[in-house]
Amino acid sequence: MWLIIRTLFIGVCGAFLAHLVGLPSAWLVGALISVVVVAISGIKVAMPKSTSSMVSLFLGISVALNIEADLIDQLIYWGQSAVLMCGMMAALLAVTYRYYARLPGWKMNEALFCAVPGNLAIMLAMAQDTTANVRRIALTHSVRLLFLVFLVPLFLPLAEREVTLSGFYIEHPEQMIATVFLAVILGWILGKVRVPAAMLVGGIAATLILKLSLGWHWKFPEMMLLTLLVFLGCAIGSRFDGLVLREVIPELKAAMGGLIITLIISGSFAAILHYWNDIPWTQAMLAYAPGGMEVMVAIAMNQEVDALFVATHQMFRMLTMSMVIPVLMYWLDKKRTLT
Numbered sequence: 001m002w003l004i005i006r007t008l009f010i011g012v013c014g015a016f017l018a019h020l021v022g023l024p025s026a027w028l029v030g031a032l033i034s035v036v037v038v039a040i041s042g043i044k045v046a047m048p049k050s051t052s053s054m055v056s057l058f059l060g061i062s063v064a065l066n067i068e069a070d071l072i073d074q075l076i077y078w079g080q081s082a083v084l085m086c087g088m089m090a091a092l093l094a095v096t097y098r099y100y101a102r103l104p105g106w107k108m109n110e111a112l113f114c115a116v117p118g119n120l121a122i123m124l125a126m127a128q129d130t131t132a133n134v135r136r137i138a139l140t141h142s143v144r145l146l147f148l149v150f151l152v153p154l155f156l157p158l159a160e161r162e163v164t165l166s167g168f169y170i171e172h173p174e175q176m177i178a179t180v181f182l183a184v185i186l187g188w189i190l191g192k193v194r195v196p197a198a199m200l201v202g203g204i205a206a207t208l209i210l211k212l213s214l215g216w217h218w219k220f221p222e223m224m225l226l227t228l229l230v231f232l233g234c235a236i237g238s239r240f241d242g243l244v245l246r247e248v249i250p251e252l253k254a255a256m257g258g259l260i261i262t263l264i265i266s267g268s269f270a271a272i273l274h275y276w277n278d279i280p281w282t283q284a285m286l287a288y289a290p291g292g293m294e295v296m297v298a299i300a301m302n303q304e305v306d307a308l309f310v311a312t313h314q315m316f317r318m319l320t321m322s323m324v325i326p327v328l329m330y331w332l333d334k335k336r337t338l339t
């Protein structure tokens, strides 16, 4: 118990420091990095195995809560851009999946998780419930995220902005409790029939059922979501317990290769959007960036481009990948069974 408390304390300190520095996904990345640093330094860290299932459930609910009518309306208005983005995501998945799958010692599910553009928290939560090497996936996504976080603001300076927390206030606690209860039941049922990412899918399904049938509209308190991200960061970071740094050099090299492929593909599609749809280059690049949604939207606001365009496309990418990956996981499992 003391070991878990110590791990959480390390994660909270790292997350708060990352928040003060202004990193996007600070509460996840900060907790992850701090626990990893402590782990590879020889200090023992640990988290309960059930942490990932709990986080997956709430992440699924959070994803579904962000599906609003405005998102659909804007995507219809920007139809060509949305279709082009679907092409970009398909190309990224196809090319980077083949790249990672051909590397020696890589499993198919690891290649799939690493090929996803963005969705760091959800991909790590999904990977926890599989046979995939979570360390490998975390390293691969971290290289991509850190590159976007540090390089993009370097060329497009970002003005400092104040971040406030909404606390633990819940506007409709009865709706949240009912949604979580239904999500747990659906997640348990889906898990029994071996649906991949059962708790994540259960969270999305339960939220959409209640939202569409009863018209419920509520949001998780920001502090609760940040707490979940810290828990996830600590859980993933604890997987690095006892890690020898020289053992991950092949993964770091593979991640750099995947990053180059990702940047070439996303940059090419952003260029097509820029020339064919007369969208400003900065706006197209930020909208099609493979991750770092928060910082891309903040830069869009600072650069006086259409921040709604950027936010809508980034959200569309996140939602689409969250729903497509469980299907692809099922296909991979079926393919593995047949072979």
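Numbering (my numbering), first residue to last: 1 to 339. Every residue gets a Cβ at the ideal spot worked out from N, C-alpha and C, and that includes glycine.
Assuming Phe-231 is part of the alpha helix (DSSP H), what are its boundary residues? Element bounds for Phe-231: 222-237.
Is the distance from the Cβ of Ala-382 to the Cβ of Gly-187 below 9 Å? Here the chain has residues from 1 to 339 only, and residue 382 is not among them.
How many whole angstroms separate the CB atoms of Ala-26 and Gly-11, which I take to be in contact at a CB cut-off of 8 Å? About 12 Å; that fails the 8 Å criterion.
Find out if the Cβ-Cβ distance for the pair Val-201, Leu-28 is shorter than 9 Å. Here Val-201 is not near Leu-28, since their CB atoms are 9 Å or more apart.
To the nearest angstrom, how far is it from the Cα of Val-95 to the Cα of Trp-2? Approximately 45 Å between the Cα atoms of the pair.
When burial is assigned at 16 or more other CB atoms within 10 Å of the CB, is Trp-276 buried or exposed? Around the beta carbon of Trp-276, fewer than 16 other beta carbons sit within 10 angstroms, so the residue counts as exposed.
Phe-269, buried or exposed, once every other Cβ within 10 Å from all chains shown has been counted against 16: Per the 10 Å Cβ criterion, buried.
Return the chain-ordered list of same chain residues with a C-beta closer than 8 Å to the C-beta of Met-126, the five sequence neighbours on each side being excluded. The answer, listed in chain order, is Ser-56, Phe-113, Pro-196, Ala-197, Leu-200, Ile-325, Pro-326, Met-329.
Taking the alpha-carbon of Leu-130 as reference, which of Asn-109, Gly-118, Ile-122 has the nearest alpha-carbon? For clarity, residue 130 is Thr in the given sequence; the question names Leu instead. Checked all of Asn-109, Gly-118, Ile-122; the closest Cα to Thr-130 is Asn-109.
Give the secondary structure of Asp-241 by DSSP, where H, G and I count as helix, E and B as strand, and everything else as coil. In the three-state DSSP reduction, Asp-241 falls in the coil class, being neither helix nor strand.
Just the Cα atoms here: how many angstroms apart are Gln-283 and Leu-210? Gln-283 and Leu-210: Cα-Cα distance of roughly 35 Å.
Exposed or buried, what is Phe-220 when buried is set at 16 or more other beta-carbons lying within 10 Å of its beta-carbon? In this structure Phe-220 is buried. Its beta-carbon is surrounded by 16 or more other beta-carbon atoms within 10 angstroms.
Does DSSP put Asp-333 in a helix, a strand or coil? Correct three-state label for Asp-333: helix.
Could you say which of Val-45, Arg-6, Ala-206, His-141 lies nearest to Thr-262 if we only look at CA atoms? Here the closest residue by C-alpha is His-141.
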